[in-house]
Amino acid sequence: MSDAPVNLFEQQARNRRQTTLWMAAFIGFFAWLGFGGDLAMYFATLDKAGVSHHPVPWLGIAVTLVGAVVTWHAFRKGPQSVLWASGAKEIVTPQTAEERQLVNVVEEMAIAASLPRPKVYVIDDPDPNAFATGHGPADACIAATSGLIATLNREELQAVVGHEMGHVRNLDVRLMTTIAALVGFVVLMSDGLGRTFRSGILGGRSRSRSGGAGGAIAIVILVLWMISLILAPLIVRLMAMAVSRNREYLADATGAELTRNPGALASALQKIDAAPAATKAIKRSAAHLCITDPLGRAVNAKEGGLANFFGTHPPMTMRITRLKGMAFQAAKAGAVTPA
Amino acid sequence: MFILPVIVAVVLVLWLVGAYNGLVALKNQTMNAWKQIDVQLKRRHDLIPNLVNTVKGSMEFEKDTLDAVINARSKAMQGGSVGQTAAAEAQLTAATGKLFAVMEAYPDLKSSANVRSLQEELASTENKISFARQAYNDMATNYNTRQMQFPTNMVAGIAKASPAELWEITDDKEREVVNVDLSLGKKPPA
């Protein structure tokens, strides 16, 4: 999967394809949540003459319209709100030597990737971490914590920024922003609709008086509908995590390709891993964007089993091992450029 | 049947247009990649006098080192072909590298915020040059390969495509070895 040699264009095409697939899957899911509810209502309101009192699928239409507007808005504003939520401040004109260095390093990596320079943000947090967000290379943003800048030397900082630039170049940022917007809406829907219907049913307003075949179908659909409504947030989160996990190895490889210095990223990851605390400033909603899991969850520490489902990142030791392998091969081939 | 020749002709023309445009696009991208290097080279040429002037007062005994930097800079600014520029810039890199090494012996220089920020700027500019060079070489190799590959090579003449020169890394050590070999009147090893 991530072991296959993937070139840039294949990866970009794969990300575009996946973005489309995700959109399609979610549209289908929204349709089910909306029109499925209508279907249940249709059968539930069948009277003796076989005429339904719910002829217009207003629930489906409403969910589709609201969904389109909310997710589009979330997609447009996603990167901004992620940056805002983590308290990131843009460096417009660097004030300190550290900020100058960070901006320089980002410029260097943008040149290596032949992309416009992303906006640079700093998060005031002592734990070393970094993430990239945006809709694509044109409006990408790279944020680093003050802890990252303080902990790493120049080469390691460059390697981390190279990793983030990899996410930008591979169009991971667009896919992740899309998924975040869609996941957000599913959670919202599940919460809102679930609450409405639970109170509706428990309040005894359900029209079960129709009876017969229509009533039975209505109950089956309703049960399926409720189950998917309850499970939806969990399932989409798991899917989002899987997408994120697969992309980390690749961003590591892209970063190493940009810096031609895989060893620096390995030692940067080691230093980041050794930092004890969780990154408090970065919320759960942005966890999948970071270079390392900001919540410091144990589930990301090992390969296999549960970690394959619940981790947003591959295990740190595996990433470091792979990078060291790359560094060894580069040294053997004499391909390391003098830094 | 008229249809078949017409289809063949249309496909051929479409391919011709595509191949021609592809080559032109690659040529422009290669030229653009070269300009990216150029921007960074200019930046370095602008930064060096600042650095030299800042450290001059404290480093009077190192006049040779400073002169080497200044000379290498003026040589590098003359420009020329890709190969000439590459060689001159490599010399400049070596000269500034030596200057940085010598500066390590001056604690007051090392602790000066001004010198440190200049040093960071120069180091970053040198990184940018090497990353821009990397991007240029990749792009130029793409362009050169496309020109030579069949059947695009038949369009190369019409598109006025000619192989782009790569920016070779001329290592300091290699050059020294070559110099020694020349002074002994022998041919350098291939």
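Residue numbers (my numbering), protein chains in the order written: chain A, 37 to 375; chain B, 935 to 1124. Glycine residues also receive a C-beta, built at the ideal position from the N, C-alpha and C atoms.
Cut-off 7 Å between Cβ atoms - residues of its own chain near residue i, not counting five sequence neighbours on either side
i, result
"A/Gln306", "Ile356"
"B/Val986", "Leu1000, Val1003 and Ile1004"
"A/Glu144", "Gln194"
"A/Pro269", "Val222, Val223 and Ser226"
"A/Phe66", "Val99, Thr100 and Gly103"
"B/Asp1042", "Ser992"
"A/Ser150", "none"
"B/Leu960", "Asn1076, Tyr1077 and Arg1080"
"A/Ile281", "Residue 281 of chain A is actually Arg in this sequence, not Ile. The residues are Gly347, Thr348, His349 and Pro350."
"B/Asp1092", "A quick correction: the sequence has Ile, not Asp, at residue 1092 of chain B. Closer than 7 Å at the Cβ level, and outside the excluded window around B/Ile1092, lie Tyr954."
"B/Asn1048", "Thr988"
"A/Asp39", "Low confidence applies here, because A/Asp39 scores a pLDDT of 41, under 50, leaving its location unreliable; read the following figure in that light. Once the five neighbours on either side are set aside, A/Asp39 has no close Cβ partner at all."
"A/Thr55", "Arg210, Leu211 and Thr214"
Contacts around residue i, its chain only, beta-carbon distance under 6 Å, and the 5 residues preceding and following it disregarded
i, result
"A/Asp31", "The shown model of chain A, from 37 to 375, leaves out residue 31 of chain A, and the question about it has no answer."
"A/Met77", "His90"
"A/Ile257", "Leu75 and Ala76"
"A/Gly72", "Trp261"
"A/Arg283", "Asp208"
"B/Val951", "none"
"B/Ala953", "Thr1086 and Val1089"
"B/Thr964", "Met1073, Ala1074, Tyr1077 and Ala1098"
"B/Ala943", "none"
"A/Ala363", "Pro298 and Gly299"
"A/Ala179", "Ala124, Tyr157, Ile159 and Phe167"
"A/Gln48", "Leu207"
Where the alpha helix (DSSP H) through residue i begins and ends
i, result
"B/Val986", "Ile937 to Lys990"
"B/Pro1041", "Pro1041 to Ser1045"
"A/Asn206", "Premise fails: A/Asn206 is in no alpha helix (DSSP H) and is neither H nor E."
"A/Ala148", "Ala133 to Ala149"
"B/Asn1005", "Lys997 to Met1011"
"B/Asn1087", "Asn1087 to Ala1090"
Close-in-space but distant-in-sequence residues of the same chain around residue i (CB under 8 Å, 5 per side omitted)
i, result
"A/Val139", "Ile127, Pro130 and Val156"
"B/Thr1059", "Gln974, Arg977, Arg978 and Leu981"
"A/Gly170", "Pro115, Pro154, Ala176, Cys177, Val204, Val209, Arg210 and Thr213"
"A/Ser244", "Bear in mind that the predicted position of A/Ser244 carries a pLDDT of just 47, short of 50, making it unreliable; the figure below should be weighed with that in mind. Closer than 8 Å at Cβ, skipping near neighbours: Ala80 and Gly251."
"B/Gly1017", "Glu1099 and Glu1102"
"A/Val141", "Arg190, Leu193, Gln194 and Val197"
"A/Asn51", "Asn206, Leu207, Asp208, Arg210 and Leu211"
"B/Ala1022", "Ala1006, Lys1009, Ala1010, Gln1012 and Gly1014"
Paired residues, beta bridge with residue i - DSSP
i, result
"A/Tyr157", "A/Glu126 and A/Ala179"
"A/Phe167", "A/Ala179 and A/Cys326"
Minimum Cβ-Cβ distance from residue i to chain D less than 8 Å
i, result
"A/Leu267", "In summary, chain D is missing from the structure at hand, where the protein chains are A and B."
Residues of the segment 295-307 of chain A with Cβ closer than 9 Å to any Cβ of chain B, in chain order: Answer in chain order: Thr295 and Arg296.
Segments of 3+ residues assigned as beta strand (DSSP E) that fall wholly inside the segment 54-131 of chain A: Fully enclosed beta strand (DSSP E) runs of 3 or longer: 124-126.
Completely contained alpha helix (DSSP H) runs for the segment 239-304 of chain A, where each covers 4 or more residues: Annotation note: the segment 239-304 of chain A contains the following uninterrupted alpha helix (DSSP H) runs of length 4 or greater, listed N- to C-terminal: 248-295.
Interface positions of the segment 142-153 of chain A facing chain B (Cβ-Cβ less than 7 Å), listed along the chain: Within the segment 142-153 of chain A, the residues whose Cβ lies closer than 7 Å to some Cβ of chain B are Glu143, Glu144, Ile147, Ala148 and Ser150, listed in chain order.
Length-filtered (4 minimum) alpha helix (DSSP H) runs lying within the segment 1025-1081 of chain B: The qualifying runs are 1041-1045.
Where the segment 1040-1062 of chain B meets chain A: residues whose CB sits under 9 Å from a CB there: Hits within the stretch, in order: Ala1047, Arg1050, Ser1051, Glu1054, Glu1055, Ala1057, Ser1058, Thr1059, Asn1061 and Lys1062.
The segment 176-193 of chain A: positions lying closer than 9 Å to chain B by Cβ: Answer in chain order: Arg190.
Cβ-based contacts, 9 Å cut-off: residues of the segment 1064-1096 of chain B near chain A: Answer in chain order: Ser1064, Phe1065, Ala1066, Gln1068, Ala1069, Asp1072 and Met1073.
Proximal residues, the segment 958-975 of chain B versus chain A, C-beta separation under 8 Å: Across the segment 958-975 of chain B, CB contacts with chain A closer than 8 Å involve Ala967, Gln970 and Gln974, in sequence order along the chain.
Interface positions of the segment 115-142 of chain A facing chain B (Cβ-Cβ less than 8 Å), listed along the chain: If the cut-off is 8 Å between Cβ atoms, the segment 115-142 of chain A has Ala133, Arg136, Gln137, Asn140 and Val141 near chain B.
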